[in-house]
Amino acid sequence: MAALLRRRKSPSPVLHDTILLPVLSKLKISPPYLWHNSRCLGNVSSSTDFDLTDLTRPHMWYPNARRKKRNVFLHVGPTNSGKTHNALKQLELSSSGIYCGPLRLLAWEVARRLNKANMVGCRTRGFSFTRALLGIASDELHVCGDPAAVPLIQKILEATGDVVEVRYYERLSPLVPLKVPLGSFSNIRTGDCVVAFSRYNIYKIKRRIENERLLPCSVVYGSLPPETRTKQATMFNDEGNGFDVLVASDAIGMGLNLNISRLIFSTLEKFDGTCRRQLTIPEIKQIAGRAGRFGSKYPAGEVTCLHEGDLPLLHSSLASPSPVLKQAGLFPTFDLLSLYSRLHSTTSLHPMLEKFLEEAKLSPDYFISDAEEMLKVAAVVDKLPLTLYDKYLFCMSPVDMNDDISAQGLIQFAENYAKKGLVRLREIFTPGSLAVPKTHNELRELESVHEVLDLYVWLSFRLEDSFPDRELASSQKEICSGLIEEFLGRFVWQKPLKISSKLSFLKHRRSLR
1 MAALLRRRKS
11 PSPVLHDTIL
21 LPVLSKLKIS
31 PPYLWHNSRC
41 LGNVSSSTDF
51 DLTDLTRPHM
61 WYPNARRKKR
71 NVFLHVGPTN
81 SGKTHNALKQ
91 LELSSSGIYC
101 GPLRLLAWEV
111 ARRLNKANMV
121 GCRTRGFSFT
131 RALLGIASDE
141 LHVCGDPAAV
151 PLIQKILEAT
161 GDVVEVRYYE
171 RLSPLVPLKV
181 PLGSFSNIRT
191 GDCVVAFSRY
201 NIYKIKRRIE
211 NERLLPCSVV
221 YGSLPPETRT
231 KQATMFNDEG
241 NGFDVLVASD
251 AIGMGLNLNI
261 SRLIFSTLEK
271 FDGTCRRQLT
281 IPEIKQIAGR
291 AGRFGSKYPA
301 GEVTCLHEGD
311 LPLLHSSLAS
321 PSPVLKQAGL
331 FPTFDLLSLY
341 SRLHSTTSLH
351 PMLEKFLEEA
361 KLSPDYFISD
371 AEEMLKVAAV
381 VDKLPLTLYD
391 KYLFCMSPVD
401 MNDDISAQGL
411 IQFAENYAKK
421 GLVRLREIFT
431 PGSLAVPKTH
441 NELRELESVH
451 EVLDLYVWLS
461 FRLEDSFPDR
471 ELASSQKEIC
481 SGLIEEFLGR
491 FVWQKPLKIS
501 SKLSFLKHRR
511 SLR
């Protein structure tokens with residue numbers, strides 16, 4: 001993304017190597033460089049032969065990476081096998097490095113370019129990991145994940161000329177599937193982690209355990225601020241803090257280091273945003289594997305279910321290999337969409353993106369990532385006088401358009417940016433107006449406000465002159481986290497009311513003027 005920003009400020013756009021001279025000439029574009037390579041040019045002789053929707057050679061989108069003969073190390077094995085630890089050793093020996101991961105919380109723990117290999121198959125985020133896999137211009141790339149991803153990654157990297165080495169790991173401590181279910185929360189003990197798949201059930205289970213067993217519980221789930229998740233995980237990990245049990249979502253399956261003795265699935269079904277379904281084999285293995293962390297006071301991890309009827313699926317999943325990944329996610333770069341818009345004389349992103357994705361041609365190794373969230377943002381920003389680049393940037397921003405407050409925050413940022421080219425945080429948010437939540441509805445609102453502040457910070461790194469209040473937004477994020485932590489400390493469970501669809505981020509404006 002930093003490269004995109006440099007390109008935007010340049011008088012001549014820097015384009016990927018997929019762009020050919022005939023097309024550039026037709027569009028009157030004079031880039032400062034072109035990567036002339038016979039592999040890229042092929043047999044194309046005129047602009048009429050060039051198909052911008054041909055995405056069958058995505059490795060050619062990254063000329064800097066292709067100029068290198070990279071050494072790619074695949075660290076693969078089950079959870080708690082030391083693969084990430086061994087990959088991170090390379091950071092200590094390196095003068096520089098960066099980290100890619102599926103959770104911001106994990107990025108707090110490491111600072112090296114790694115990649116969760118199995119994430120390339122994610123329907124929504126897979127394209128980001130594919131870009132990292134193909135586009136990182138480094139001497140070494142270390143990729144961590146499940147052995148099920150190895151054949152696909154090896155096949156994808158055949159075209160790059162990279163040297164690929166696979167390193168296999170075995171689990172360092174045993175994981176024991178129990179033959180009996182938990183049965184009742186009265187059987188919860190110190191060191192247990194109960195996994196649920198909704199915030200409602202997480203807090204309901206927390207209350208039951210605290211009431212029935214008098215054991216204080218930490219909570220970890222996706223919409224909590226990363227800082228809060230870190231503190232909640234630390235309270236559970238550290239002996240003497242008094243938080244003996246963890247109640248968490250499947251967010252813990254992404255690689256958090258937790259001192260879990262026994263992991264209990266409250267259910268083996270989840271709502272994935274589209275439908276309620278059974279957990280997959282990889283999901284069950286990834287979550288269950290959090291128990292029995294090597295080096296903790298628990299020499300072996302145990303895993304079971306709350307209900308006896310779920311045990312057969314748990315046992316069969318743990319005994320089965322994960323299905324081999326067949327395809328990696330892909331999404332067109334801004335450069336491709338920019339040229340496509342010029343060829344079709346349009347800057348309306350939503351219809352253009354729909355048409356591009358409909359016409360996209362892929363090799364069997366790739367699929368087009370789910371663009372539903374991006375299309376929702378595109379429909380909004382198309383109404384504003386923004387450049388195509390700005391629209392694309394907002395579409396790539398971390399926002400949940402199904403959350404009223406988050407969506408309204410993005411809309412206001414985009415509107416102010418379109419009108420004035422400058423977005424001051426105080427125009428839509430009053431510092432000092434936040435308070436400790438009193439209900440679960442207010443907690444959810446505060447989590448959403450944190451997401452809006454995080455969005456501002458994200459935009460400030462990409463449009464620094466236009467979003468100048470990064471420090472203020474960061475400080476307010478910290479306040480949000482502190483207030484949420486205070487709520488969790490004095491939490492009293494209650495069934496949440498239905499939130500009105502008219503919630504507005506503006507309700508936090510109280511005395512701005």
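With the UniProt record's numbering, the residue at position 142 of the sequence shown is 142, and numbering never jumps. For every residue, glycine included, the Cβ atom is placed at its ideal position computed from N, Cα and C. Computed from a prediction, not measured in an experiment: that's the story for all the values here.
- Secondary structure of Ile428 (DSSP, three-state): coil.
- In this structure, Thr267 sits near Phe197, with a CB-CB distance shorter than 8 angstroms.
- Each residue's CA atom was taken as its position, placing Thr160 and Leu483 some 49 angstroms apart.
- It is roughly 26 angstroms from the alpha-carbon of Val457 to the alpha-carbon of Ser249.
- Contact between Ile264 and Arg290 does not hold, since the beta-carbon distance rounds to 12 angstroms and is not under 8 angstroms.
- Annotation: Glu239 is outside any beta strand (DSSP E) and is labelled neither H nor E by DSSP.
- With respect to the C-alpha of Pro226, the residue from His142, Ser481, Lys83 having the closest C-alpha is Ser481.
- DSSP places Glu170 in no beta strand (DSSP E); its state is neither H nor E.
- Of the candidates Lys361, Tyr417, Arg462, Arg462 places its Cα closest to the Cα of Ser397.
- Ser406 places its beta carbon less than 8 angstroms from that of Val452.
- CA-CA distance, Ser96 to Leu318, rounds to 38 angstroms.
- If you look at Arg66, you'll find it isn't in any beta strand (DSSP E); it sits in the alpha helix (DSSP H) that goes 63-66.
- Per the Cβ contact rule, the segment 296-315 is not in contact with the segment 328-347 (fewer than 3 Cβ pairs under 8 angstroms).
- Boundaries of the beta strand (DSSP E) harbouring Asp192: 192-195, taken from the DSSP string.
- When secondary structure is reduced to three states using DSSP, His307 falls in the coil class, being assigned neither helix nor strand.
- A straight-line Cα-Cα distance of about 19 angstroms links Pro299 and Ile188.
- Here DSSP, grouped into helix, strand and coil, assigns Gly329 to strand.
- For Val150, same chain residues with a beta-carbon under 8 angstroms away, outside a window of 5 residues either side, are Leu74, Val76, Ala117, Val166 in chain order.
- Counting along the chain, the unbroken alpha helix (DSSP H) around Gly409 starts and ends at 404-420.
- Contact between the segment 214-222 and the segment 439-453 is not established, with fewer than three Cβ pairs separated by less than 8 angstroms.
- The beta-carbon separation of Ala137 and Ser322, rounded to 30 angstroms, does not stay under the 8 angstroms limit for a contact.
- If you draw a straight line from the Cα of Ser316 to the Cα of Cys305, it comes to about 13 angstroms.
- Here Arg131 carries a helix assignment [DSSP, helix/strand/coil].
- It is roughly 15 angstroms from the alpha-carbon of Leu343 to the alpha-carbon of Glu359.
- Secondary structure of Ile260 (DSSP, three-state): strand.
- Straight across, the Cα-Cα distance linking Ser475 with Thr228 is about 14 angstroms.
- Gly301 has Leu175 as its beta-bridge partners, per DSSP.
- In the pairwise beta carbon analysis, the segment 234-245 is classified as not touching the segment 166-183: fewer than three pairs are separated by under 8 angstroms.
- Val436 and Ala414 do not touch by the CB rule: their CB atoms are close to 31 angstroms apart, not below 8 angstroms.
- For His75, the enclosing beta strand (DSSP E) stretches over residues 71-76.
- Residue environment: Ser448 is assigned as buried (16 or more neighbouring CB atoms within 10 Å of its CB, all protein chains considered).
- Going by beta carbons, Pro282 and Asp146 fall inside the 8 angstroms limit.
- In this structure, Ile202 and Val247 form a Cβ contact; the two beta carbons are roughly 5 angstroms apart against a cut-off of 8 angstroms.
- For Ala360, the three-state secondary structure derived from DSSP is coil.
- Note on Gly126: 16 or more other CB atoms within 10 angstroms of its CB, so buried under the neighbour-count rule.
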